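What follows is a short report on a single structure.
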């Protein structure tokens, strides 16, 4: 069934647009990296471009993109009437929803990995002498964790999109607000509790205590459980119909 | 001839595909013109070009003597009512609310909305949203929108889709009355050939984007050829006898197997055929005369398997 | 034109988007009010309070909401298939586009007037009530009204992509997100180039709250006006040429 979800994306310009956002991020990082402070470009420090790109992506890009992808997959089935045909196969509504989560999850990992690859080029070129494999692997791990974390954060929003008409737009706005509010809570005591900031604790971008790490994991787990709860309620509502 | 709608070499090309190929059709004032064709024949494309929502590659459409290629079509369009493909309304609004929008844009009154809904049998000011309408209700609302402003010409693309038999009969009656009492000209396309046969004055058969034939139903009915279905002991022998006696050719025989023979009747009397065959030693188990339906005629003209 | 505008409002009946947007803005403002009220060392007066509340709202949230409203307003016509029936009324393409612009402007203004009211009321119930005066209230009102009126002009060109994609909302939505966040990141260098960045320099001109703006207001106004007019022209001409 997962393969079928990707087949449904055939001839979609989505992949092109996602690639363009990666290129855009690369351009932004290149521009910022070459800005100077006291005569020294910012990208002189090894890892600066990675850190900047990761923050930018997590606070502004990942969440709205994944929310849009997931909610669009769900909304399309309803809009084109294919949801009824799927139910008649028969496929349980929860299964139909779940496979879309799976597909969005895989796209999230793929997108964050590709983002890493793109940004790595900007890091490797000026620092090719000092860069190590373990350094690259560390950041690859961080990018993927941030992708997964952002996906988990927006899972409840994706689940809610079935209930909201015009779910696409509202899910993007909501996820965008949730993501960028992380900028405001980053320095506060509630940071480990707030899902977007929790991602930074889990990936090791923020050096926190073990308790903060566990709190961060718990925060993302709650988001995921909330989405399951919403899916189950939708499933029971569909079955009752 | 007083043509209200006239296409001149109307052509539509999408890339390399010719969707409509030099179609010349003429619709007289006050008549019901039925456009018949298989799926993908070009009926909807022709109708879209007529109302200006699809550009014309070549040729022209004239409505009330005015070309539809001109920029300012407002005074022509205000006299046209149409249903093209599926009715298009806002799903979050009720039927009345949807018609209110179009009534406001057309500067009509509430009474016009109410009358139109009454004619098509939909409730006025109900609370049911368009997204919850059945297919039949959606079609009725589309029809209400098309007639609300009392147009002089109706262009209807399969308006009886999704309607129940009672609904179809009501719409048929309504369209006939509209045509007869108000002189409204109607161009209608449908897959239900029997309905077109009962409704239309003229039928145009479209196939692969080309208008193959235009037939006036009255004239066609007069020259109606039927067919004779014979159940005989030896169909091949019967065929040879009939060919000889009535000067029939192989082309006149539509079907032959071990027990049955079907051929065009040309006003040949079945009693005479039975007598001839029996006298020639062929046992006749049954002889019936059937009228060619519009579907049969359509199959002959298009050379296909029907309206599918 | 007035009939078209009335119809735009009628079409959005039972549309939850605006109400949910107001809800989201309210949640954001509650959060921000609490945050600012709590940060005693950082924010001392009503000016800093409303600057903080309006800052991210006007740079990020409102443009995104208005952009998505713009996408929905055009996409709905395609999704409901009502567009072909509008052309047969007939409704002028240019007038329809303009009616939608007016509708988006009015909705944006309503949203921002709500924000204005919320900011003033929440300042009164927090520690900033002492520093409120008539000038600052008028300033807040001006900022909200200006944002409400000018931001839609900057985001309207997104409609070109909705019409190009014949009602597909995904690509215009992603483009809206990218446009909004690019204009936010490049607010200073984007002055006179990116219309949404230019609006910041127009609205917050005079550096009253200590917001650094580009003094070349003519360039910013010209940039915004040209892109907006081009948006209207392209959208209308695409609609005219489009086969349904």
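Protein chains in written order, with the working numbering: chain P, 19 to 259; chain B, 15 to 322; chain L, 15 to 258. C-beta: ideal position from N, C-alpha, C; glycine also. In this text the structure is predicted, and so the values were computed from the model without any measurement.
Non-local C-beta neighbours of residue 202(B) in its own chain, meaning closer than 6 Å and more than five positions away in sequence, comprise 48, 170, ordered along the chain.
In the three-state DSSP reduction, residue 59(P) falls in the strand class (E or B). Residue contact check for residue 187(P) against chain L: a CB pair falls below 8 Å.
Using a Cβ-Cβ cut-off of 8 Å, residue 111(B) is close to 24, 27 of chain L, given in chain order. The C-beta of residue 249(L) comes no closer than 8 Å to any C-beta of chain B. Pairing residue 186(L) with residue 208(L) gives a Cβ-Cβ distance that is not under 8 Å. Comparing alpha-carbon positions, the option among 113(P), 50(P), 38(P), 31(P) lying closest to residue 254(P) turns out to be 113(P). Between residue 302(B) and the set 276(B), 293(B), 295(B), 37(B), the nearest pair of CA atoms involves 276(B). In summary, the residues of the region 114 to 133 of chain B whose CB is separated from some CB of chain L by less than 9 Å are 114, 115, 116, 118, 119, 120, 121, in the order they occur in the chain. A distance of 8 Å or more separates the beta carbons of residue 103(P) and residue 134(P).
The count of Cβ pairs closer than 8 Å, one atom from the region 220 to 229 of chain P and one from the region 151 to 169 of chain P, reaches three, so the stretches are in contact. Nearest C-alpha to residue 142(P) among 242(P), 251(P), 63(P): 63(P). None of the residues of the region 25 to 54 of chain B has a beta carbon lying less than 7 Å from any beta carbon of chain L. By the C-beta criterion, the region 70 to 78 of chain B is judged not to be in contact with the region 111 to 124 of chain B, since fewer than 3 inter-stretch pairs fall below 8 Å. The alpha-carbon separation between residue 27(B) and residue 106(L) amounts to approximately 26 Å. Cβ proximity to chain P below 8 Å picks out 70, 74, 75, 78, 79, 82 from the region 64 to 82 of chain L. With a cutoff of 8 Å on beta-carbon distance, residue 160(B) and residue 60(B) are scored as not near each other. The C-alpha of residue 164(B) lies about 36 Å from the C-alpha of residue 316(B). Using a CB distance below 8 Å, the part of the region 52 to 72 of chain B facing chain L consists of 62, 65, 66, 67, 68, 69, ordered along the chain. Listed in chain order, the alpha helix (DSSP H) runs fully inside the region 50 to 110 of chain B are 57 to 65, 88 to 91, counting runs of at least 4 residues. For residue 220(B), the secondary structure class from DSSP, reduced to helix, strand or coil, is strand. For the C-beta of residue 159(B), the chain L residues within less than 9 Å are, from N- to C-terminus, 99. Within 8 Å of the CB of residue 78(B), no CB atom of chain L is found; the nearest one sits about 15 Å away. Between residue 216(P) and residue 245(P), the C-beta spacing is not below 8 Å.
Inter-segment contact for the region 77 to 91 of chain L and the region 115 to 134 of chain L is present: three or more beta-carbon pairs are separated by less than 8 Å. Comparing alpha carbon positions, the residue from 235(L), 103(L), 112(L) closest to residue 251(L) is 112(L).
Taking a Cβ-Cβ cut-off of 7 Å, the neighbours of residue 106(B) in chain L comprise 27, 28, 29, given in sequence order.
When DSSP states are grouped into helix, strand and coil, residue 127(P) belongs to the helix group. Residues of the same chain with their beta carbon placed closer than 6 Å to that of residue 40(L) are lacking, with the five preceding and five following residues left out of the count. Contacts between residue 50(L) and chain B, judged by CB atoms closer than 7 Å, are missing: the closest CB pair is about 38 Å apart. A contact between stretches requires three or more CB pairs, one per stretch, nearer than 8 Å, and the region 189 to 202 of chain P meets this requirement with the region 82 to 92 of chain P. Residues of chain P whose Cβ lies closer than 9 Å to the Cβ of residue 38(L) are, in chain order, 188, 191, 192, 195. When 304(B), 187(B), 29(B), 55(B) are compared, the shortest CA-CA separation from residue 212(B) is found for 187(B). The straight-line gap separating the alpha-carbon atoms of residue 136(P) and residue 17(L) is approximately 51 Å.
Each residue's CA atom was taken as its position, placing residue 63(L) and residue 50(L) some 7 Å apart. The three-state reading of DSSP puts residue 122(B) in coil, since its state is none of H, G, I, E or B.
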